[in-house]
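Structure first, commentary second.
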Amino acid sequence: MKKNLVSINDFTKDEILHVLEMAKKFEENPDRSILNGKLIAVLFYEPSTRTRLSFESAIQRLGGRIVGFSEATNTSIRKGESLGDTIRTINQYTDMIIMRNPYDGSARYASEISTVPFINAGDGSNQHPTQCLLDLYSILQTQNTLDNLNITFVGDLKYGRTVHSLVKAMTDFNTTFHLVSPLELKLPSAVKYYIKKNKLPYYQYEKIEDAIPLSDIIYMTRIQQERFVDPVEYEKVKNSYILHANMLTNVKPNLKVLHPLPRVNEIDPSVDSTPYAYYFQQAKNGLYVRQALICYMLGIEV
Ligand code: CP
């Protein structure tokens, strides 16, 4: 049966661990000719640096080829073509579709129409499952385990799709959750439901300082201006949390700071030269994880 990855819930725990194992092999050797003859559509309706370019690097380093767009203005969408007809058309040409779209739910809809394997590269404030896989890989690489960790999520927990995907995924690993956000940007109850369902401990804070000493991982996020309907509301919360190196004195030795990037102000550059900064390596891990994911979904074992 054709595989899709729209939400991290589409993969079992065993499948996730299998993709992470495959990613380790690609980290050892990312240049292989195993996608020869495969043509993959990369459709980005929303800006991206890491996700699009790491997917394209992943495909090209494995000998595959790419068609697609990085913004929709030069496509027939401008003439009023629907998302459904766009997917039906691209199905005629390619072996897989990777899509980012600003609308929540668009990825599920497109995946149900697609006759080829479909990967969600981010749909609105809903899900970003491939970021979740590379976040899991980064946690595993830095902590040598995914089990029994204290993970602190900071910033926009309401609209942050990377947070929504990673919280769901970490409920399989006996995580203790520390949730730091302004009142206006708390984790939605639909996501908190997964923590409660698994009877896992979670603590909510407004001050980041309260959670730092407890953390194995601090997962910083950007307050996303583009998700706010009212600019006044954005102005109220935009610089709520700024992590500086001098705040990382009383920390666990294994602490790592992650961020899906791009950052704006929320991690001061002084953190970059500390042993806790891992966010650029995390972005690099996206290459290996996306190579693994594409191969897994096309049934190519390594
Ligand atoms: N982390 C992430 O999704 O980054 P981009 O928006 O640059 O792809």
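Numbering of the sequence shown is given in this note's numbering, commencing with residue 177 and proceeding in unit increments. Here a beta-carbon is modelled for each residue, glycine too, at the ideal position from N, C-alpha and C. All of these numbers come straight from a predicted model, not from anything done at the bench.
- Residue 187 carries a coil assignment under DSSP once its states are collapsed to helix, strand and coil.
- The segment 189 to 265 is shown to contain whole beta strand (DSSP E) runs of 3 or more residues at 215 to 220 and 241 to 245, in chain order.
- In terms of CA proximity to residue 302, 280 leads the group 280, 265, 288 and 177.
- Secondary structure of residue 456 (DSSP, three-state): helix.
- Between the beta-carbon of residue 310 and that of residue 458 there is about 7 Å, and that keeps the pair under the 8 Å contact cut.
- Looking from the CA of residue 425, the closest CA among 447, 254, 405 and 344 belongs to 447.
- The closest CA to that of residue 236, considering only 258, 464 and 193, is found on 464.
- For residue 295, DSSP records a beta bridge to 181 and 274.
- Each residue's CA atom was taken as its position, placing residue 373 and residue 336 some 21 Å apart.
- Of the residues 431, 282, 395 and 321, the one whose Cα lies closest to the Cα of residue 222 is 282.
- Close to the ligand CP, as judged by a C-beta nearer than 7 Å to any of its heavy atoms, are the residues 223, 224, 225, 226, 227, 228, 298, 304, 307, 338, 436, 437 and 438, in chain order.
- With fewer than 16 other beta carbons inside 10 angstroms of its own, residue 451 counts as exposed.
- In this structure, the CA atom of residue 306 is about 24 Å from the CA atom of residue 441.
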